[in-house]
DNA sequence: TTAGATGCAAATAGTTTGCATTTGT
DNA sequence: ACAAATGCAAACTATTTGCATCTAA
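Chains as they are written, first to last, in this note's numbering: chain A, 1 to 150; chain B, 1001 to 1150.
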């Protein structure tokens, strides 16, 4: 793989001592092209569209590696127990999930920097990222009367 | 079921219009007796210990309901894609997960109340809770030299 | 009384594994 | 050159579903 054409994340992979394989690159590319939340199944579809030679297992292996590297984080949205993977630009991600209709709204605001510093000191840990999930009812569902799915 | 002996969460279930069945009660009891994080498999074990008549499916159905009611939240720890369920006393939960050894440290501090209010106003949503996951390396793993599992 | 919830067991879908082979560095 | 990573396909596990029955309110 050519060092000049790869994304910063891909470069980081290599710098962490992992091979930048075509399978990993396809997974990364698919994730970066997404709007933010992809289940393994959706991801496999898109990876195969990019590179039909990639095996499913490698997608799971890449996801596990990316999670360990804090490039990505699995999160549970509604309706399914299958996780959706989100990219962590800058090491974090925040969203709101509607518990009724499943709608997800990205939230930019991050007020956890101080908390993070304080926690690192107190616990002696090294924090590489965080995920914040707010949940409840979206404007639509909050306005609805009884219990019907939108 | 007797209204005077049930936990606040159980009461809340009934008040939300759901039946307080023995399956749901067993799941709730098992969760409340836990230290905080239980996978569905661990939960099923404990539920069966409490009440052998409960079927697996009901455990999953209860977890889905409890998630919708913000009593509980699925979260990803390390090693497995299967979620661990955490109780949400006061509607929230915060923890740190070590990406290397999987250790989980509960974090009390919550600095998201203002953020929550602001968000509810801006997006028109109704927030019933939140989950915050910090991740990185625990003190132990941060101190370790290369790449071996502890 | 009766809508809602259940247990069961079968079906499904998602994930992991072992291994021979390939590939990035 | 060679350790690391892969693809494959089989094995496995977790989750969901349909349905007759039961039960909390």
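Virtual Cβ for every residue (Gly too), placed ideally from N, Cα, C.
query: residue 1141(B) lies in the alpha helix (DSSP H); which residues open and close that run?
result: 1139–1143 is the span of the alpha helix (DSSP H), which, as asked, contains residue 1141(B).
message: Assuming residue 1029(B) is part of the beta strand (DSSP E), what are its boundary residues?
response: That residue, residue 1029(B), is in no beta strand (DSSP E); its alpha helix (DSSP H) goes 1022–1033.
- request: Sort 1035(B), 1142(B) and 1018(B) by Cα distance to residue 1085(B) and report the nearest one.
  value: 1035(B)
query: By DSSP, does residue 1079(B) sit in helix, in strand, or in coil?
result: Here residue 1079(B) sits in coil by DSSP.
message: Using a Cβ-Cβ distance cut-off of 9 Å, determine whether residue 38(A) contacts chain B.
response: no
- prompt: Name the residues in the segment 1044–1078 of chain B whose C-beta lies less than 9 Å from a C-beta of chain A; which are they?
  reply: 1060, 1063, 1064, 1067, 1068, 1069, 1070, 1073, 1074, 1075, 1076 and 1078
query: Listed in chain order, which residues of the segment 88–113 of chain A have Cβ atoms closer than 8 Å to some Cβ of chain B?
result: 96, 98, 99, 100, 105, 107, 109, 111 and 112
query: Whose C-beta lies closer than 6 Å to the C-beta of residue 106(A) among residues of the same chain, with five residues either side of it excluded?
result: 95
- prompt: Which one or two residues does DSSP pair with residue 84(A) in a beta bridge?
  reply: 39(A) and 75(A)
task: List the residues of chain A whose Cβ lies closer than 7 Å to the Cβ of residue 1133(B), in chain order.
output: 130 and 131
task: Would you identify the three-state DSSP class for residue 1112(B), choosing helix, strand or coil?
output: coil
- prompt: Which whole-angstrom value is the C-beta distance of residue 1073(B) and residue 1067(B), which I expect to be below 8 Å?
  reply: 6 Å
query: Anyone know if the C-beta pair for residue 1133(B) and residue 130(A) falls short of 9 Å?
result: yes
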